[in-house]
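Participant: Okay, handing you the structure first.
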Amino acid sequence: MIFPPKDASPAQVADQFVQRTIIGMMLLSISYGGKAAMSIVPTGVVKVIAPVSVLLSVAIVLVVAPGFIRYFALRKAGGGNCPEADSYITQMYREAAVWAFSFTFILLMALGFGTELGLHTWPTAFVLNGTIALSLAALAFSFYRLTRDTDEEDDDFDQEQGA
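Numbering (the working numbering), first residue to last: 50 to 212.
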């Protein structure tokens, strides 16, 4: 539920905030991937990637800002005393973060070993931006993988409530 109704509960608003943040992280991952590519591609391609990177930055703000504003407005109004830390979405976010951290650690270890094989000749901007892009993508994909079947579960629960 990326767009909860206006009268959504605090838990729904918190879940929306997490979901929008994950979408923003995926867009940020693509942006960092573009920055990594800009350090190794010809100048003509850089002229195409640069404006796309700016558009992605605007998209990130447009996706994340509404959830951010709504979540913190609710918290300021005193409606943030919900058990949000126990919500399904928050738990899946935490599990995805563990997976992403593990992936990032393995990636950094591989890069460390790769310096002996010639990776140290790669442009620093490419390696750093690429690593950030892969780490953010790992978080977003892990979250997606963990939550991809939630719509089916919600439908089953709604059917049980009506019985």
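All C-beta atoms in this analysis are idealised placements derived from N, C-alpha and C, irrespective of residue type, glycine included. Since the model is a prediction, treat every value here as computed from it, not as a measurement.
Mind checking which residues open and close the alpha helix (DSSP H) that includes G59?
Facilitator: In the sequence on display, residue 59 carries Pro and not Gly. Where P59 is concerned, the enclosing alpha helix (DSSP H) stretches over 59-87.
Participant: Buried or exposed: which applies to P132, given that a residue is buried once 16 or more other Cβ atoms fall within 10 Å of its Cβ?
Facilitator: Any reading at P132 must be qualified, since the residue scores a pLDDT of 48, below 50, and its modelled position is unreliable; the value itself is stated next. So P132 ends up on the exposed side.
Participant: Does the beta-carbon of R194 have 16 or more other beta-carbons within 10 angstroms, so that it is buried, or is it exposed?
Facilitator: R194 comes out exposed.
Participant: M141: which of A60, V67, L166 sits nearest, CA to CA?
Facilitator: That would be V67, whose Cα lies nearest to the Cα of M141.
Participant: Between the Cα of S102 and those of L185, T173, A86, A60, spot the shortest distance and give me the residue it belongs to.
Facilitator: That would be A86, whose Cα lies nearest to the Cα of S102.
Participant: Taking the straight line between their C-alpha atoms, what separation do you get for T180 and Y120?
Facilitator: Roughly 30 Å separates the two Cα atoms.
Participant: Out of L105, V94, A187, G116, which one is the CA nearest neighbour of E144?
Facilitator: Looking at the Cα atoms, A187 is the closest of the given residues.
Participant: Of the choices P59, S88, G83, V62, whose alpha-carbon is the least far from that of F182?
Facilitator: Reading the sequence as shown, one finds Ala at residue 182 and not Phe. Looking at the Cα atoms, G83 is the closest of the given residues.
Participant: So, is A212 buried or exposed, given that buried needs 16 or more other C-beta atoms within 10 angstroms?
Facilitator: Reliability of the predicted coordinates at A212 is poor, the pLDDT of 46 falling under 50, and the value obtained from them is presented with this limitation in mind. A212 comes out exposed.
Participant: How many angstroms separate the CA atom of P100 from the CA atom of M74?
Facilitator: Distance between the alpha carbons of P100 and M74: 19 Å.
Participant: Closest to L157 by CA distance: which of S184, S136, L104, A60 is it?
Facilitator: Comparing Cα-Cα distances from L157 to each of S184, S136, L104, A60, the minimum goes to S184.
Participant: Please report the straight-line C-alpha distance between F192 and I71, rounded to a whole angstrom.
Facilitator: So the alpha carbons of these two residues sit roughly 8 Å apart.
Participant: Among T196, F175, F190, which one has its Cα closest to the Cα of Y81?
Facilitator: When each option's Cα is compared against that of Y81, the closest is F175.
Participant: So which of T164, L123, H169 has the shortest CA-CA distance to A57?
Facilitator: Among T164, L123, H169, the Cα nearest to that of A57 belongs to L123.
Participant: First and last residue of the alpha helix (DSSP H) that includes G179?
Facilitator: Element bounds for G179: 173-196.
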